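Asker:
Number of protein chains: 4
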Amino acid sequence: MIKEKLKVAIVGATGYAGCELIRILLRHPDVCISSVSRRLEGSEKISDIFPVFRGRLDLPCENVDVPSICKAADFIFLALPHKVSMSFVPGFLKAGKKVVDLSADYRLKDTAEYEKWYGVKHTSPELLGSAVYGLPEVNKQKIASAKLVANPGCYPTGSLLGIIPLLDGKFIDSGGIIIDAKSGATGAGRTPAVSLLFAEVNENLKAYKVNRHQHMPEIDQELSGVSGSAVEVVFTPHLVPMNRGILSTIYMTLSKNMDTSSALEVFKGYYKDMPFVRVLAENIFPETKDVLGTNFCDIGIKVTGRRVIVVTAIDNLYKGASSQAVHNMNLMEGFDERAGLA
Amino acid sequence: MIKEKLKVAIVGATGYAGCELIRILLRHPDVCISSVSRRLEGSEKISDIFPVFRGRLDLPCENVDVPSICKAADFIFLALPHKVSMSFVPGFLKAGKKVVDLSADYRLKDTAEYEKWYGVKHTSPELLGSAVYGLPEVNKQKIASAKLVANPGCYPTGSLLGIIPLLDGKFIDSGGIIIDAKSGATGAGRTPAVSLLFAEVNENLKAYKVNRHQHMPEIDQELSGVSGSAVEVVFTPHLVPMNRGILSTIYMTLSKNMDTSSALEVFKGYYKDMPFVRVLAENIFPETKDVLGTNFCDIGIKVTGRRVIVVTAIDNLYKGASSQAVHNMNLMEGFDERAGLA
Amino acid sequence: MIKEKLKVAIVGATGYAGCELIRILLRHPDVCISSVSRRLEGSEKISDIFPVFRGRLDLPCENVDVPSICKAADFIFLALPHKVSMSFVPGFLKAGKKVVDLSADYRLKDTAEYEKWYGVKHTSPELLGSAVYGLPEVNKQKIASAKLVANPGCYPTGSLLGIIPLLDGKFIDSGGIIIDAKSGATGAGRTPAVSLLFAEVNENLKAYKVNRHQHMPEIDQELSGVSGSAVEVVFTPHLVPMNRGILSTIYMTLSKNMDTSSALEVFKGYYKDMPFVRVLAENIFPETKDVLGTNFCDIGIKVTGRRVIVVTAIDNLYKGASSQAVHNMNLMEGFDERAGLA
Amino acid sequence: MIKEKLKVAIVGATGYAGCELIRILLRHPDVCISSVSRRLEGSEKISDIFPVFRGRLDLPCENVDVPSICKAADFIFLALPHKVSMSFVPGFLKAGKKVVDLSADYRLKDTAEYEKWYGVKHTSPELLGSAVYGLPEVNKQKIASAKLVANPGCYPTGSLLGIIPLLDGKFIDSGGIIIDAKSGATGAGRTPAVSLLFAEVNENLKAYKVNRHQHMPEIDQELSGVSGSAVEVVFTPHLVPMNRGILSTIYMTLSKNMDTSSALEVFKGYYKDMPFVRVLAENIFPETKDVLGTNFCDIGIKVTGRRVIVVTAIDNLYKGASSQAVHNMNLMEGFDERAGLA
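Chains as they are written, first to last, in my numbering: chain A, 449 to 790; chain B, 449 to 790; chain C, 449 to 790; chain D, 449 to 790.
1. Are C/N764 and C/V548 close, meaning C-beta to C-beta below 8 Å?
2. What does D/P503 touch in chain B if you count any residue whose Cβ is under 7 Å from its own?
3. What are the residues in the stretch 627 to 657 of chain A lying within 7 Å of chain B by C-beta distance?
4. Taking 8 Å as the threshold (C-beta atoms), are B/S631 and B/L687 in contact?
5. Spell out the partners DSSP gives D/C480 in its beta bridges.
6. What number of angstroms, rounded off, separates the C-alpha of D/F501 from the C-alpha of D/L507?
7. When you compare each of A/P477, A/V751, A/V537 to A/I458 by their alpha carbons, which one comes out closest?
8. Taking 8 Å as the threshold (C-beta atoms), are B/A641 and C/L695 in contact?
9. Pick from D/F498, D/V674, D/S533: whose alpha carbon is nearest that of D/V512?
10. Does any heavy atom of the ligand MN sit closer than 7 Å to the C-beta of A/T684?
11. Is there a C-beta anywhere in chain B that falls below 8 Å from the one on A/N743?
12. For A/N587, collect the residues of the same chain with a Cβ closer than 7 Å to its Cβ; drop the 5 residues on either side in sequence, then sort them by chain order.
13. Quick check on the DSSP output: the beta strand (DSSP E) that includes D/P685 runs from which residue to which?
14. Under the rule that 16 or more other beta-carbon atoms within 10 Å means buried, what is D/Q772, buried or exposed?
15. I'd like to know whether the C-beta atoms of C/T605 and C/I762 end up nearer to each other than 8 Å.
16. I need the DSSP call for B/I732, collapsed to helix, strand or coil.
17. From what residue to what residue does the alpha helix (DSSP H) around B/I667 run?
18. For the beta strand (DSSP E) containing A/E785, name the first residue and the last one.
19. How is the beta strand (DSSP E) around C/A629 delimited, first residue to last?
20. Less than 8 Å between the CB atoms is what I'm expecting for D/K453 and D/A520, so what's the real figure, rounded?
21. A/V791 and D/R755 look like a contact to me (Cβ under 8 Å); what is the Cβ gap, rounded to whole Å?
22. Taking just the CA atoms, how far does B/K564 sit from B/H570?
23. Which residues of the stretch 486 to 503 of chain A have a Cβ closer than 7 Å to any Cβ of chain C? Give them in chain order.
24. Less than 8 Å between the C-beta atoms of D/E735 and A/M690, yes or no?
25. To the nearest angstrom, how far is the alpha carbon of A/G610 from that of B/E648?
26. Find out if the Cβ-Cβ distance for the pair A/I757, D/V739 is shorter than 8 Å.
27. When the Cβ atoms of the stretch 489 to 503 of chain B are set against those of the stretch 665 to 676 of chain A, are three or more pairs found closer than 8 Å?
28. Quick one: is B/D738 near chain D, going by C-beta distance under 8 Å?
29. If you draw a straight line from the alpha carbon of D/L645 to that of A/G623, how long is it in whole angstroms?
30. Just reading off the beta strand (DSSP E) that D/R755 is part of, what are its end residues?
31. Any chance the stretch 713 to 733 of chain B sits against the stretch 614 to 628 of chain C, with 3 or more Cβ pairs inside 8 Å?
32. Interface residues of chain D around A/M690 at Cβ under 8 Å?
33. Taking 8 Å as the CB-CB cut-off, is A/Y464 touching chain B?
34. In its own chain, which residues sit with a C-beta less than 7 Å from the C-beta of C/E797, not counting the 5 before and 5 after it?
35. Anything in chain C within Cβ reach of B/R755, meaning under 9 Å, just list it in chain order.
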């Protein structure tokens with residue numbers, strides 16, 4: 449007997465994360481894409497918007513309509529912008545669908561923080577309690593039973609995976625964590641702006657939103673949860689002239705003496721059952737090209753005196769967005785967690 | 449006695465051509481920039497728009513106002529978009545100013561052609577007769593006495609310089625000229641569009657406006673003038689993931705037998721007094737990086753049977769726009785033609 | 449009953465084509481990689497050479513040894529340099545293995561041509577008769593029964609697919625075909641050279657080997673076979689600052705009148721059973737990013753007067769090398785031709 | 449009376465720094481290039497090596513020969529690799545020439561440190577005492593009277609300028625300084641290596657030599673000099689897919705409370721007479737493209753709690769190498785310090 453495939457919808461299919469979701473799900477053995485939609489009117493085919501899908505997925509990309517999407521699909525990915533997502537999520541949940549939301553709307557537990565960083569009132573705060581922060585390496589069990597998963601931001605994914613094993617084991621001071629993160633341009637989305645034009649980004653490097661990026665509170669929240677007390681990181685994001693990839697160089701202060709080799713053991717132990725984290729050998733550091741198009745997070749470590757330097761690499765559109773979303777779906781649906789991702 | 453410097457204005461200073469005009473003119477020994485303006489309201493400093501000029505040119509960039517610009521400057525560069533330029537040029541000429549217009553508005557002599565390719569009626573057709581097509585290698589003398597110079601398009605500059613010596617000498621058939629041109633992204637301007645985002649242009653190559661680019665009639669017009677009969681080229685532009693540079697690969701049919709060495713002599717002879725064309729040795733072909741930030745056009749040639757392949761390289765923002773505009777000013781003002789450009 | 453997987457070897461695994469072969473074969477449902485080797489001594493793990501495979505393929509990459517490879521594998525991919533490949537191929541064939549050779553060594557039927565373009569004597573000319581040129585869109589049946597497939601060059605793949613339907617149908621003159629091809633940097637291989645350094649290739653565009661590239665005789669040979677008489681193309685390759693992709697802009701002369709729409713129909717008819725060619729709609733032209741990481745060749749066409757302009761896009765490492773090699777294996781082994789490639 | 453121009457030699461003219469030195473010196477009003485040389489035999493023209501100089505500088509690039517260079521030139525720039533430079537410098541000094549050495553050979557005062565980081569014995573330690581570290585913003589006066597200037601490394605230039613004003617004023621702890629530096633690929637030089645190939649660097653980001661880069665002791669030495677006690681920084685360099693530019697993000701701990709605005713004042717005060725440092729307004733951070741092709745160092749600052757984040761941007765080949773070398777020459781020769789650089 450052949451198991452029927454899970455019908456999935458991608459809401460907000462025309463951004464970079466939506467495109468990559470489609471690419472991954474087309475290869476996934478257990479699902480079929482039954483609906484793609486976006487906020488604009490029209491019914492252009494998705495393969496006209498992303499010609500890479502010509503002949504592979506020629507569905508019309510319709511205007512988001514919750515009832516008709518609910519009819520077409522049983523599992524919903526939302527890849528909409530922040531603030532927009534929360535206007536649709538409650539409808540899908542009410543209809544009994546499971547949801548992975550790639551926006552920031554259900555990541556922050558504290559609505560005051562949300563409103564401070566995103567500038568609008570949260571319209572469905574009642575869902576924040578049950579929404580699970582979808583970082584499988586930390587919350588695998590909770591994700592498995594969740595109805596609504598808030599898929600982590602790209603920067604938080606790369607940062608948290610490089611900090612949590614040391615923080616959780618009390619090997620570092622929770623104060624004074626510095627994250628120097630560098631991202632490719634797809635991280636900024638697909639909305640036109642002079643600052644994102646090829647000729648502005650190419651042959652240029654800059655820091656931006658220095659210590660005031662909206663991903664900071666998300667990092668602080670998750671680290672505080674692990675630490676048991678309030679953590680505030682210093683966070684400097686940079687825009688790098690490449691399409692994809694985030695490299696995060698993290699500086700922490702050891703609370704007890706430890707050499708590089710022991711620090712590596714801490715990470716290896718923490719991630720020993722995690723198929724998508726690769727802790728590298730001593731003196732080897734990750735490069736973004738080695739995780740491109742994969743769900744891996746590669747991690748390299750160096751201890752120097754009381755400082756520990758951790759470097760993590762992810763593909764911002766995969767582990768930082770779409771493949772992590774599929775990983776979450778795999779857990780929520782009881783699929784092999786590697787399905788479609790290996 | 450110190451000669452007073454020529455006061456120049458840059459109208460439309462906030463695009464890529466405007467930016468490079470400033471860069472060149474700041475180094476020019478005989479001029480000073482006394483006015484920069486743009487179509488938007490406001491009086492932001494030009495050095496806030498292009499921080500590269502911080503501390504070097506901190507003039508406010510004001511809304512275009514012909515009378516006040518005329519008061520401030522004696523020579524006018526217009527780096528405005530097509531269709532906009534012609535609403536300002538007549539005013540500057542009436543005020544007795546000399547003008548180099550970098551837009552397409554005064555390049556085509558035939559208003560019907562202009563209207564066909566640019567989609568609007570020409571509003572000052574009476575100026576077309578006296579406007580000089582500013583390709584110094586062909587029209588040096590006319591430029592020297594012009595009041596209004598229509599600065600050539602970037603593609604036409606690279607194409608014409610690779611064809612005219614052969615066409616002028618009747619060495620090639622005027623039919624069947626094929627131009628396969630490749631440009632960096634600044635050629636598309638600085639107005640935001642999804643198709644110009646870094647992540648769309650990077651790691652991508654495409655042909656666009658295949659045989660229907662608005663620079664075609666300009667090439668046809670100039671070649672027809674040289675040939676004495678109507679010339680229609682085949683023209684395919686491509687967008688290359690780099691900021692600057694145009695490489696034009698041109699395929700022509702010889703009307704009489706000729707080897708590569710003789711073809712090179714034709715070019716060397718034609719350009720012998722032209723300081724900004726470099727004809728390369730046999731088997732050497734130009735690369736865009738060797739003309740970057742210069743007013744040079746480098747040319748390489750190969751004959752194979754009855755075909756001649758000519759490859760030309762220019763910097764689209766320099767020889768294809770701003771440095772050629774300054775070259776034209778040098779000729780119009782009787783400066784050393786190399787001033788500010790060597 | 450579970451079918452046993454085909455054991456495959458990759459000989460010459462450390463170049464770009466070898467790396468992509470591994471990537472594709474790791475996802476292929478019907479094969480397992482049982483041997484990777486290279487010309488250098490040592491037994492570094494392949495995952496140390498290409499860290500992207502850490503934890504996914506940790507086989508040692510040993511020095512090429514035909515007997516031990518024959519013991520380990522039943523199907524052999526050779527991704528060695530030209531001239532080196534032919535020293536190993538006869539051994540594998542003698543041992544009864546099927547071979548796809550990605551080098552140029554068995555592509556040219558005429559040993560004089562081979563020696564002219566590659567500068568060495570051919571050491572196994574007796575195999576040239578039975579070697580099949582592995583362009584599935586043209587030779588599908590012959591490939592299915594071949595023991596030795598010569599995998600086409602990247603430029604010939606992109607060129608031939610844009611010419612053959614018109615040439616085969618006698619719609620064009622066989623003289624005067626011009627191919628203006630543009631390739632990303634991986635096409636030049638992974639051997640260090642100043643001219644391939646990042647800072648030399650980036651922000652640069654150049655033509656190279658103008659009308660004397662070693663892929664020309666391969667194109668001429670295949671077109672001559674289709675045409676029935678000798679064809680000699682004009683061929684100009686260019687190096688584009690991107691990792692992957694070839695865009696070929698091909699100019700041909702129609703032998704009878706035909707509009708764009710009819711020309712498109714010719715292509716659609718010719719490729720109607722070919723799953724990896726996509727003929728685009730009128731006025732749509734291919735972009736390399738839409739075929740990246742795929743086995744597709746996308747084709748766009750425009751007729752203007754007696755000229756027809758065809759633009760094709762392939763991924764030089766996929767359809768131009770590794771995925772085409774896997775496609776050939778699928779045909780040789782009777783697998784679904786899409787296996788591992790969709 | 450026309451002053452005779454200073455005759456300068458460039459020894460080691462075929463690397464990126466040598467190329468840029470030529471570019472700058474060709475525009476310098478007070479010098480002429482009378483000799484270019486390299487370590488290889490031959491006498492290819494420099495314009496064949498760097499075709500950008502065709503028709504502008506066609507001198508033969510000869511094998512380094514101290515006596516004949518001394519005959520040809522009065523001022524010597526050495527742009528040779530580390531370890532090679534010190535075999536030539538003593539000869540030039542003995543001949544009474546002034547020297548700017550762009551290598552690391554005369555930067556470290558402690559020969560033990562030199563031997564530890566560069567792996568060879570220093571062969572002219574007697575010159576280290578009089579060699580002046582050529583950072584004009586710190587050592588302007590000493591440079592003016594020096595015979596031998598050790599031109600700073602690219603990373604140290606960008607780092608020191610972002611730290612010294614705060615350290616010198618005792619506003620920060622001298623412990624715990626973290627420098628997260630990101631460089632374009634020209635910083636790695638022009639010697640072929642797989643890791644520097646276009647296809648390896650493009651679309652990739654990595655940290656390298658994490659806390660063990662040979663520029664660290666140079667930074668430590670200069671900061672220790674300013675501080676009066678031993679300073680050891682944490683230093684992580686990164687390779688960014690762009691040709692030029694270094695962005696340094698520096699994290700320091702304030703020793704007394706201070707807001708961003710006061711910190712900016714410290715920098716503005718320190719650099720008030722320095723024409724090539726631009727301290728940006730609050731909330732503005734530098735981008736490498738705004739210093740490209742200039743001798744500027746742009747600096748942005750943010751204070752958050754006890755942390756101060758300083759971001760500096762330089763062109764690694766200009767302020768980080770060649771234009772700083774020319775700046776040093778200007779000071780040594782009593783030229784206007786801006787000559788050739790504005």
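Glycine is no exception: its CB is placed at the ideal position from the N, C-alpha and C atoms.
For clarity, every value in this text was computed on a predicted model and none was experimentally measured.
Answerer: On the basis of the data shown:
1. Walking along the third sequence from the start, residue 764 of chain C turns up at place 316. Walking along the third sequence from the start, residue 548 of chain C turns up at place 100. Contact: no.
2. As a working mapping, residue 503 of chain D is identified with position 55 in the fourth sequence. One point to set straight first is that residue 503 of chain D is Gly, not Pro, in the sequence displayed. Chain B residues near D/G503: R726.
3. A633, T634, R638, P640, A641, V642, L644, L645, F646, A647, V649, N650, E651
4. Numbered from 1 along the second sequence, position 239 holds the residue referred to as residue 687 of chain B. Numbered from 1 along the second sequence, position 183 holds the residue referred to as residue 631 of chain B. For B/L687 and B/S631, yes; Cβs fall inside 8 Å.
5. For the purposes of this step, residue 480 of chain D is identified with residue 32 of the fourth sequence, where counting begins at 1. According to DSSP, D/C480 bridges with D/K455.
6. Residue mapping note: residue 501 of chain D aligns to position 53 of the fourth sequence, counting from 1. Residue mapping note: residue 507 of chain D aligns to position 59 of the fourth sequence, counting from 1. Distance between the alpha carbons of D/F501 and D/L507 is about 10 Å.
7. Residue 458 of chain A sits at position 10 when you count from the first residue of the first sequence. Taking only the C-alpha atoms, the option nearest A/I458 is A/V537.
8. Taking the third sequence and counting its residues from 1, one reaches residue 695 of chain C at position 247. Taking the second sequence and counting its residues from 1, one reaches residue 641 of chain B at position 193. Cβ atoms of C/L695 and B/A641: not closer than 8 Å.
9. Taking the first residue of the fourth sequence as 1, we reach residue 512 of chain D at position 64. The shortest C-alpha separation from D/V512 is found at D/S533.
10. Ligands displayed in this structure: none; no statement on the ligand MN is therefore possible.
11. Taking the first residue of the first sequence as 1, we reach residue 743 of chain A at position 295. Not one chain B Cβ lies under 8 Å of A/N743.
12. As a position in the first sequence, residue 587 of chain A is number 139, starting the count at 1. Only V580, Y581 meet the Cβ criterion.
13. In the fourth sequence, the residue the question calls residue 685 of chain D occupies position 237. Segment 682 to 687, the beta strand (DSSP E) holding D/P685.
14. In the fourth sequence, the residue the question calls residue 772 of chain D occupies position 324. Answer is buried; the Cβ neighbour count reaches 16.
15. The residue labelled residue 605 of chain C in the question sits at position 157 within the third sequence. The residue labelled residue 762 of chain C in the question sits at position 314 within the third sequence. It is a contact, given that the beta carbons lie within the stated cut-off.
16. Taking the first residue of the second sequence as position 1, residue 732 of chain B is located at position 284. In this structure, B/I732 counts as coil in the three-state DSSP scheme.
17. Numbered from its first residue, the second sequence carries residue 667 of chain B at position 219. Residues 664 to 675.
18. Within the first sequence, residue 785 of chain A is the residue found at index 337, counting from 1. No beta strand (DSSP E) holds A/E785; DSSP gives it neither H nor E.
19. Taking the third sequence and counting its residues from 1, one reaches residue 629 of chain C at position 181. Start and end: 626 to 631.
20. Here residue 453 of chain D is taken as the residue at index 5 of the fourth sequence, counted from 1. Here residue 520 of chain D is taken as the residue at index 72 of the fourth sequence, counted from 1. The pair is not a contact, with the Cβ atoms about 13 Å apart (cut-off 8 Å).
21. Because chain A in this structure spans residues 449 to 790, residue 791 of chain A falls outside the shown range and cannot be described.
22. Translated into the one-based positions of the second sequence, residue 570 of chain B becomes position 122. Translated into the one-based positions of the second sequence, residue 564 of chain B becomes position 116. Rounded to whole angstroms, B/H570 to B/K564 spans 11 Å at the Cα level.
23. P499, V500, R502, G503
24. Locating residue 735 of chain D in the fourth sequence gives position 287, where the first residue counts as 1. Locating residue 690 of chain A in the first sequence gives position 242, where the first residue counts as 1. Not a contact, by the Cβ cut-off of 8 Å.
25. As a first step, residue 610 of chain A must be located in the first sequence, where it is residue number 162. As a first step, residue 648 of chain B must be located in the second sequence, where it is residue number 200. The alpha-carbon atoms of A/G610 and B/E648 are separated by roughly 30 Å.
26. One-based indexing of the first sequence puts residue 757 of chain A at position 309. One-based indexing of the fourth sequence puts residue 739 of chain D at position 291. Against a cut-off of 8 Å, the Cβ pair of D/V739 and A/I757 comes out as no contact.
27. no
28. On the second sequence, position 290 is the one that residue 738 of chain B refers to. B/D738 counts as touching chain D.
29. Here residue 645 of chain D refers to the residue found at position 197 of the fourth sequence. Here residue 623 of chain A refers to the residue found at position 175 of the first sequence. Their Cα atoms are separated by approximately 40 Å.
30. For this step, residue 755 of chain D is matched to residue 307 along the fourth sequence. Note, D/R755: beta strand (DSSP E), 755 to 762.
31. no
32. Mapped onto the first sequence, residue 690 of chain A falls at position 242. Here the neighbours are N650, E651, N652, L653, P689.
33. Reading the first sequence from its first residue, position 16 is the one you call residue 464 of chain A. True, the Cβ-Cβ gap to chain B drops below 8 Å.
34. Lying outside 449 to 790, the shown extent of chain C, residue 797 of chain C is not represented and no answer is given.
35. Position 307 of the second sequence holds residue 755 of chain B. Chain C residues near B/R755: G624, I626, N659, V682.
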